[in-house]
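Trainee:
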Ligand code: GTP
């Protein structure tokens, strides 16, 4: 146990976490030439393309220091706010963290939020100044920033380059000398923290755990405390680049477990694994069921594909337990599902996986957060509004509450004014403003989550010319003045285009939506009026003019081969259009409300 070190790497996105992990594996000889690939830890296709570590993994390295053999467990943490609970559990499985800061970019919002998580878990922090090879690097200044942030000594900040290999040995030495060895008692009953799980279509769910007390043995009957279910440990082992089966994993160490579980929902991150016959009296603290934050409808483009969509979603849920869905129907779109996601990125990932892995073509409706509505009947439990159509009749509503977040934004002093105006426009209230240095400012706002879902990231980037980083965490429900804006096409309400918005913005949004839809919906053989309404009151109107004959003639020229080519092309690029009444609506129109600026 005294020769084990468990650590993670925390960093703002793109500061070099994955590159540094690769370099550590290289240096400790944990990777053979054959296994060498860029970004070894990111092994899902989608992850590689997006350059974001979606699922955390763990890897074990052997390293000899001063003639003694050490086992280093690197626990990878996902780099996106949508997956912050997984980050917190990965951090809880470690005793130390490398805090990686880009020598050109200095401290950013995620640097700070991850640091706080690490400090809450009493982790030993090893500051690493990465990318010192960059011509734009500012090592002295950024070291000062780090010293200010951590209250450490400048000599404790390791200068490194994950690209050239500078500082790597020093980092390994620091891990051994500064990160404490795990504590715990091998003789106590088993207590292991689940910090991640991965679905393997052949072997079932692989659970990643860190043993806090006791030991886990091959064949042992174990129990998951939160779910209350027991299984046999068919296989346990340690994780190198591949799995190495073992007969036991003892206190302080990290490993994987295979029990034949086929449904990802049975393994919950944050749960405690214990012995079935001699269960621990103290499950590891901090367990939470992850809750979806963003909801949207997913509908098949072709109504006949509903059953296919259902079976695809069920399969997806087997390996992504954070996806939740219930059937719903829409007057405009027919049968589909209301789905809950951890955030916008999670939603995009699900949509992409449905298309790639299951060959489904789907329409996703305007995402919204989950509101609580209380009626004048004085009910104690709120009506949960995950779909605009669930909002009770306005005349019966007593009050509505919406989820709020604490937003942390770090930007340059020059952009403070712009960022403030944006946040206030998004109904934010400033809580704190701190000058980290003379040039860099940390702003903290309380803001409605709904405003983050709508185009906030893009706007923030624009108003700060890219010099702002952003992170958030939920802080509970607060009262809100909410209304539903409905859209009518050809005088017919299209429920799938309805959006829940704050009353103060309703007129503006209604007008913008009509304008945007006019842009997005292709012209057809007849005029199409577009109207926005609150209840029976029309608040805005636009008209899509009918196509004129000669325009079609010009487009297609009557040339049959050209027409065929066009048809062929349309078939290839999947046609995400939905016929609603006699109007064809493209997918972008359903998301129009997200892109109003
Ligand atoms: P996420 O996994 O998306 O959070 O990013 P990350 O923090 O893992 O960053 P990643 O390792 O993908 O590195 C981001 C970019 O910085 C890549 O293009 C790397 O090649 C580059 N990079 C990483 N370390 C160094 C370094 O020491 N020097 C230089 N010049 N570039 C580096």
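Residue numbers (the numbering used here): 2 to 598. Using N, Cα and C, we set each Cβ at its ideal position, and we do this for glycine too.
#1: Tell me which residue opens and which closes the alpha helix (DSSP H) that residue 114 is part of.
#2: The alpha helix (DSSP H) spanning residue 12 covers which residue range?
#3: Where does residue 488 fall in DSSP's three states?
#4: To the nearest angstrom, how far is it from the Cα of residue 223 to the Cα of residue 275?
#5: For residue 245, which three-state DSSP category applies?
#6: Does ligand 1 have a heavy atom nearer than 7 Å to the CB of residue 208?
#7: Mark residue 300 as exposed unless 16 or more other C-beta atoms lie within 10 angstroms of its C-beta, in which case mark it buried.
#8: Would you identify the three-state DSSP class for residue 583, choosing helix, strand or coil?
#9: Ligand 1 and residue 347: does any heavy atom of the ligand fall closer than 7 Å to the residue's C-beta?
#10: With a cut-off of 8 Å, do at least 3 Cβ pairs link the segment 474-488 to the segment 402-410?
#11: For residue 487, count neighbouring Cβ atoms within 10 angstroms of its own Cβ and tell me buried if that reaches 16, exposed if not.
#12: Taking buried to mean at least 16 other C-beta atoms within 10 Å of its own C-beta, is residue 207 buried or exposed?
#13: Taking C-alpha atoms, which residue in 534, 503, 387 and 196 lies nearest to residue 489?
#14: Would you say the beta carbon of residue 118 comes nearer than 7 Å to a heavy atom of ligand 1?
#15: Could you spell out where the alpha helix (DSSP H) holding residue 140 opens and where it closes?
#16: Leaving out five residues before and five after residue 214 in sequence, what residues of the same chain have Cβ atoms less than 8 Å from its Cβ?
#17: Quick one: grab the DSSP three-state call for residue 59.
#18: If contacts are defined as beta-carbon pairs under 8 Å, then residue 138 and residue 105 qualify, I think. What distance do you get, rounded to the angstrom?
#19: Looking at C-alpha atoms only, which residue of 338, 306 and 293 is the closest neighbour of residue 324?
#20: Buried or exposed: which applies to residue 430, given that a residue is buried once 16 or more other Cβ atoms fall within 10 Å of its Cβ?
#21: Would you list the residues sitting across from residue 340 in a DSSP beta bridge?
#22: Using 7 Å as the cut-off, classify the Cβ of residue 83 as near or not near the heavy atoms of ligand 2, replying yes or no.
#23: Can you find the residues in the same chain that come closer than 7 Å, C-beta to C-beta, to residue 17, ignoring five residues on each side of it along the sequence?
#24: Using a threshold of 8 Å, state whether the C-beta atoms of residue 110 and residue 472 are closer than that.
Mentor: Taking the definition as stated:
#1: 110-121
#2: Counting along the chain, residue 12 falls outside any alpha helix (DSSP H), though it belongs to the beta strand (DSSP E) covering 5-12.
#3: strand
#4: 6 Å
#5: strand
#6: Every heavy atom of ligand 1 is 7 Å or more from the Cβ of residue 208, so no.
#7: Flag for residue 300 reads buried.
#8: Coil at residue 583, not helix or strand.
#9: no
#10: yes
#11: buried
#12: buried
#13: 534
#14: no
#15: 140-151
#16: Taking residue 214 as the centre and dropping the five residues before and after it, the same chain places the C-beta of 185, 186, 187, 189, 190, 191, 192, 252 and 281 closer than 8 Å to its C-beta, in chain order.
#17: strand
#18: 5 Å
#19: 293
#20: Around the beta carbon of residue 430, fewer than 16 other beta carbons lie within 10 angstroms, which makes this residue exposed.
#21: 297 and 326
#22: Looking for ligand 2 in the displayed structure turns up nothing; the ligands present are ligand 1.
#23: Around residue 17: 101, 103, 131, 132 and 163.
#24: yes
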